[in-house]
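Presented below is the structure to which this report refers.
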Amino acid sequence: MQKKQDINVVWFRNDLRTRDQKSLQDACQQKEPVVGVYCFDPKHYETTKYGFKKTEKYRAKFLIESVTQLSTNLKNLNITLQVEHDEPANVLKQLAEKYSIKTVFFQTEWTKEEKQVELEVKSVLTETNFIDNYNQFLFHPDDVPYDNFSQIPEVYTNFRKKCEKQSEVRDEIPLPEKRPEENLLDIKTEIPSLTDLGLEEFEMDERSAFPFQGGENEAWERLQHYFWDTKKLQYYKKTRNGLLGQDYSSKFSAWLANGCISAVSIYHEVKKFEKEIKKNQDTYWLIFELIWRDYFKYVSLKHGNKIFQLEGITDKNYDWGNSSKAINQWINGNTPESFVNANMIEIRETGFMSNRGRQNVNSYWAKEWKQDWRIGAAYFESMLVDYDVHSNWGNWMYNSGVGNDPRDRKFNIKGQAERYDSNGKYQRTWLQDSLF
Ligand SMILES: Cc1cc2nc3c(=O)[nH]c(=O)nc-3n(C[C@H](O)[C@H](O)[C@H](O)COP(=O)(O)OP(=O)(O)OC[C@H]3O[C@@H](n4cnc5c(N)ncnc54)[C@H](O)[C@@H]3O)c2cc1C
1 MQKKQDINVV WFRNDLRTRD QKSLQDACQQ KEPVVGVYCF DPKHYETTKY
51 GFKKTEKYRA KFLIESVTQL STNLKNLNIT LQVEHDEPAN VLKQLAEKYS
101 IKTVFFQTEW TKEEKQVELE VKSVLTETNF IDNYNQFLFH PDDVPYDNFS
151 QIPEVYTNFR KKCEKQSEVR DEIPLPEKRP EENLLDIKTE IPSLTDLGLE
201 EFEMDERSAF PFQGGENEAW ERLQHYFWDT KKLQYYKKTR NGLLGQDYSS
251 KFSAWLANGC ISAVSIYHEV KKFEKEIKKN QDTYWLIFEL IWRDYFKYVS
301 LKHGNKIFQL EGITDKNYDW GNSSKAINQW INGNTPESFV NANMIEIRET
351 GFMSNRGRQN VNSYWAKEWK QDWRIGAAYF ESMLVDYDVH SNWGNWMYNS
401 GVGNDPRDRK FNIKGQAERY DSNGKYQRTW LQDSLF
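First residue of the sequence shown: 1, per full-length UniProt numbering; consecutive thereafter.
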């Protein structure tokens, strides 16, 4: 029997980029051919116990676009991306029948379902080496001033201040050199359509604040627009609570969630902007928000599965409701609060909602109506184009009184609408005039 050819694999999950890409760099330092693998795991498109599809059409479309572009960008480096609509363990097992996989490089994931998939992959590749890395952080876990995750503070400000003082953001990892043509292996790539994933095709609503496409190049185009062409970064803190239009905030979240761009890359561009154009509170504030993103990752590293449990990380027992009438009203924008309704219609029609909107509808659901906060989080998981397990469940706990908000605030919805939508333009955009 002919000896199988040695290869190394980069197993892509939430790190769909070539720049500042640790797994890719590590794999490219080896002499063996490098193959990328991405799997559209059927489990991600099933209906969950909460009755929602785990991934709805908005995020799935963004993901398809991101993977398509990753495939092109890897091809420019003479690297093949194998794409399959199957579970990672099956895909890698089949690849191992044809090639001898020496090492699989991948980004560390630690939440329950992601870990389970990793264990399944490891169980079928018993001869293979696995090397993972924390490439999704701004402050790398090895660089934060805590010896272990149990020391992560429960209050964001304490975490941020200590990291800002004692940690440094690492340099970007350089793009690997183009590999020789022989590196391109003859491997099937079949990117599924929305229909293949059991979802419906759709046209983007023209009112959407997030009309963007997935992919590494689009992420950088967005940064080019927001930082360098329009220089809107210098007003970010003043506009970030906006509700309408594309430019009130950076809109980086969906690319960050899929790893089309890294927080480290964005950080260094902010620093460059501060040097070349302007440095002020607004430019700093984008970094401040990126540290929030890190914080929720550390909270989930510290608390594990508690972030998915009803009592959250506080062990508080409230009397939570579970009313299907309430779910229907909230989801379809039929509550007595038009500001909540407008936001809920926006997410239903576009897969996006502003941060201000998210806080309000979350507070209304969990603190006004006292409904099981996990239903709201699961609905967001389904709909959001920028869904990220840590940011979503962490923010939901925070605004539901079972997370890291030391003040345990409840939003005054009418007051919020008056403050952030005083002329009612946002509400009119999403509600028929008769309903507003
Ligand atoms: C109930 C609820 C659920 C949320 N679910 C998600 C989610 O699934 N995925 C997600 O990326 N964000 C989530 N957020 C955080 C935040 O609303 C979005 O990151 C933000 O609205 C995305 O728009 P942007 O990129 O223009 O943000 P910007 O204001 O431009 O912020 C820049 C970046 O900072 C990070 N960031 C900003 N605010 C937060 C925050 N509160 N928590 C964590 N990171 C933050 C994001 O990566 C964001 O892209 C949630 C917030 C709430 C209140």
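Every residue, glycine too, gets a C-beta built ideally from N, C-alpha and C.
Quantities reported herein were computed from a predicted structural model and do not represent experimental measurements.
Using CA coordinates, which residue listed in the options is at the minimum distance from residue i?
i           : options                   : result
F105        : E87, I131 and V91         : I131
N392        : E164, P88, P174 and S300  : S300
W365        : F352, S382 and S400       : S400
C163        : I413, E346 and Y295       : Y295
Q427        : E206, Y99, V340 and T230  : V340
Y298        : P145, S71, K61 and L244   : P145
L290        : Q246, V264 and E274       : V264
I191        : S262, N395 and S71        : S71
R170        : K410, S262 and M204       : S262
H303        : E65, F149, T80 and K49    : F149
A27         : P141, H44 and P176        : P176
F411        : W373, D388 and E368       : E368
L243        : M353, Q29, W373 and H268  : M353
E349        : S208, E221 and D421       : S208
K49         : Y379, Q432, V402 and T429 : Y379
G333        : S324, I345 and S323       : I345
residue 437 : D421, S422, R407 and Q309 : Nothing can be reported for residue 437, as the shown portion of the chain is limited to 1 through 436.
L95         : T195, V124 and W285       : V124
R293        : F159, E97 and N241        : F159
T126        : R409, K271, D205 and K93  : K93
N362        : W228, G198, V389 and I331 : I331
E200        : D421, R407 and R59        : R59
Q116        : P88, D142, E269 and W11   : P88
N241        : F40, D421 and W110        : D421
K251        : K325, L384 and D205       : L384
Report the CB separation of residue i from residue j in whole angstroms; it is logged as a contact under 8 Å.
i           : j    : result
Q69         : N217 : 6 Å
D382        : E56  : Reading the sequence as shown, one finds Ser at residue 382 and not Asp. Yes, S382 and E56 are in contact; Cβ-Cβ is about 5 Å, under 8 Å.
G343        : G357 : Looking at the sequence itself, residue 343 is Asn, so the reference to Gly does not match. Going by Cβ atoms, the distance from N343 to G357 rounds to 4 Å, so yes, they are a contact pair.
F139        : S167 : 5 Å
residue 484 : V91  : With the chain represented from 1 up to 436, any question about residue 484 goes unanswered, as that position is not in the structure.
N135        : Q107 : 5 Å
residue 455 : N129 : The structure shown does not extend to residue 455, since the chain is modelled only from 1 to 436, so the question has no answer here.
A14         : K178 : In the sequence as presented, Ala is not what sits at residue 14; that position holds Asn. With a Cβ gap of about 25 Å, N14 and K178 do not count as contacting.
K61         : L194 : 6 Å
E274        : V402 : Contact doesn't hold; Cβ gap of about 37 Å is too wide.
N355        : Q416 : That belief does not hold up - the Cβ atoms of N355 and Q416 are roughly 12 Å apart, past 8 Å.
S323        : Q246 : Incorrect: roughly 36 Å between the Cβ atoms, too far for contact.
T239        : Y226 : Their Cβ separation, rounded to whole angstroms, is 11 Å, which puts T239 and Y226 out of contact at 8 Å.
L197        : I266 : In fact, because the Cβ distance is near 29 Å, the residues do not count as touching under 8 Å.
F40         : H85  : 5 Å
Output needed for residue i: all residues of its chain with C-beta closer than 6 Å, excluding positions within five of it in sequence on either side, in chain order.
i    : result
T47  : K53
D386 : S253, A254 and A257
K306 : I313
A219 : W255, C260 and I261
If you drop the 5 nearest sequence neighbours on each side, which residues of the same chain put their C-beta closer than 7 Å to that of residue i?
i           : result
F202        : K57
residue 441 : Only positions 1 to 436 of the chain appear in this structure, which leaves residue 441 out of reach.
H44         : K54 and T55
A377        : N392, W393 and W396
E337        : Y364 and I413
E32         : D6, I7, N8 and K102
I173        : D20, Q21, K22 and Q25
So, for residue i: in the same chain, excluding its five sequence neighbours on each side, which residues have a beta-carbon less than 8 Å away from its beta-carbon?
i    : result
Y398 : N404 and D405
L431 : G333, S338, N341, A342 and I345
H268 : V169, D171 and E172
With a cut-off of 7 Å, does the C-beta of residue i fall near any C-beta of chain B?
i    : result
Y398 : Structure shown: chain B not included; a single protein chain is present.
Flag this pair as touching only if the stretch 307 to 325 and the stretch 175 to 189 have three or more C-beta atom pairs under 8 Å; answer yes or no.
-> Contact fails: fewer than three Cβ-Cβ distances are below 8 Å.
Stretch pair the stretch 209 to 216 + the stretch 225 to 241: three plus CB contacts closer than 8 Å | As far as the Cβ criterion goes, the stretch 209 to 216 does not touch the stretch 225 to 241, which means the pair count is below three.
Three or more C-beta pairs closer than 8 Å, one from the stretch 21 to 36 and one from the stretch 114 to 128: is that the case here?
-> The stretch 21 to 36 is not in contact with the stretch 114 to 128.
For the 8 Å Cβ check, are there 3 or more pairs between the stretch 271 to 280 and the stretch 185 to 196?
-> Output reads no: the stretch 185 to 196 does not touch the stretch 271 to 280.
Stretch-stretch touch, CB-based, cutoff 8 Å, three pairs: the stretch 148 to 157 with the stretch 1 to 14 = With the cut-off at 8 Å, the stretch 148 to 157 and the stretch 1 to 14 do not touch.
Only counting runs of 4 or more residues, tell me where the alpha helix (DSSP H) segments fall wholly within the UniProt domain "Photolyase/cryptochrome alpha/beta" (6 to 145), in order along the chain.
-> Those alpha helix (DSSP H) runs which fall completely within the UniProt domain "Photolyase/cryptochrome alpha/beta" (6 to 145) and span 4+ residues are 22 to 28, 57 to 75, 88 to 98 and 112 to 124.
Ordered list of alpha helix (DSSP H) runs contained in the stretch 135 to 218, each at least 4 residues = Taken in chain order, the unbroken stretches of alpha helix (DSSP H) that lie wholly in the stretch 135 to 218 and span 4 residues or more are 156 to 166.
Where are the alpha helix (DSSP H) runs, 4 residues long or more, that stay fully inside the stretch 250 to 297, in chain order?
-> Listed in chain order, the complete alpha helix (DSSP H) runs (minimum 4 residues) inside the stretch 250 to 297 are 253 to 257 and 263 to 276.
Start-end ranges of the alpha helix (DSSP H) lying completely within the stretch 329 to 379, minimum 4 residues = Listed in chain order, the complete alpha helix (DSSP H) runs (minimum 4 residues) inside the stretch 329 to 379 are 338 to 350 and 355 to 363.
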